[in-house]
Amino acid sequence: MAIKIRAQEKKILVGPNKGQYAYVAQVELYSALTQSKVLEEAALSCGVNKSVLAASWEGLGHVINRWATEGHSVPIPGLGTMRFSVNSQSVEKLEDVSAKMITTRKVVFTPSVDLKNTLASTSVSITCYDRNGDMVKRVTASGAPVEGEGDTSGEENETPTDTGGSGSDNTGSGSDNTGSGSATDGEDYYE
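Residue numbers (the numbering used here): 1 to 191.
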């Protein structure tokens, strides 16, 4: 199992490197799993009837929602905890305190130590594409730091590739279909 990364050469449209080309890395997502698929696999894994598991799943979702709305940090089995939070502006005067201070409502997820260890031990495979969509390099790495932790001194290995590429490496025509939805994916930042 490996996390697949696509590093695409793109023209930077903002910031100090505006107008220059740079490789931008994004996780390649396969697809969003359906709730039905997750329940089916979980039912097989734990030997519980799928309909019983589905009712438990719905009940758990309602409880997590209610408790998080009440201000609790709620454990999610095997994954970590989640809670609701806000970003807000500060004000100097008591009379200026109002709901207008809140700029964003958000969900905060804190992964468990086990989940962070799993992520740290999962290898990463990076495939690089030039601005024409041709594959030019592959890199694999095992053992990598997880956000907030130091380097776990993983090994990095380059896999030789044919850099003359015609784009026929079974990865598509060079279109960026990562679906990661992060703010840096937008046309405002890259061309």
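Virtual Cβ for every residue (Gly too), placed ideally from N, Cα, C.
Only a predicted model underlies this, so the values are computations on that prediction, with no experimental measurement involved.
For residue i, list the residues DSSP reports as bridge partners.
i, result
"Lys106", "Ser85"
"Cys128", "Ala7, Lys137"
"Ala2", "Ser123"
"Val74", "Met82"
So, with DSSP's three-state summary, where would you put residue i?
i, result
"Gly80", "strand"
"Ala22", "strand"
"Ser142", "strand"
"Val27", "strand"
"Val97", "coil"
"Val113", "helix"
"Val38", "helix"
"Gly15", "coil"
"Ala32", "coil"
"Glu58", "helix"
"Val52", "helix"
"Val63", "helix"
"Ser90", "coil"
"Glu155", "No answer about Glu155 holds up, because its pLDDT of 42 lies below 50 and its placement is not dependable."
Apply the 10 Å Cβ neighbour rule to residue i and answer buried if 16 or more other Cβ atoms are within range, or exposed otherwise.
i, result
"Thr127", "buried"
"Tyr129", "buried"
"Asn17", "exposed"
"Gln8", "buried"
"Arg6", "buried"
"Gln26", "buried"
"Gly19", "exposed"
Name the residue from the options whose alpha carbon lies nearest to the alpha carbon of residue i.
i, options, result
"Phe84", "Thr69, Ile102, Ile76", "Thr69"
"Ile81", "Glu95, Ile64, Gln89, Thr122", "The sequence shown places Thr at residue 81, not Ile. Selected option, being the one with the closest Cα: Ile64."
"Ile101", "Val24, Val107, Phe109, Val91", "What sits at residue 101 in the sequence shown is Met, not Ile. Checking every option, the nearest Cα to that of Met101 belongs to Val91."
"Tyr30", "Pro111, Asn117, Ala42, Ala2", "Ala2"
"Lys50", "Val38, Lys93, Thr122", "Val38"
"Lys137", "Tyr23, Thr122, Thr104", "Tyr23"
"Ser88", "Val74, Lys106, Glu95", "Lys106"
"Ala99", "Tyr21, Val86, Leu33", "Val86"
"Pro111", "Gly19, Leu79, Lys4", "Leu79"
"Pro77", "Leu94, Gly47, Leu115", "Leu115"
"His72", "Ala43, Ala120, Val108", "Val108"
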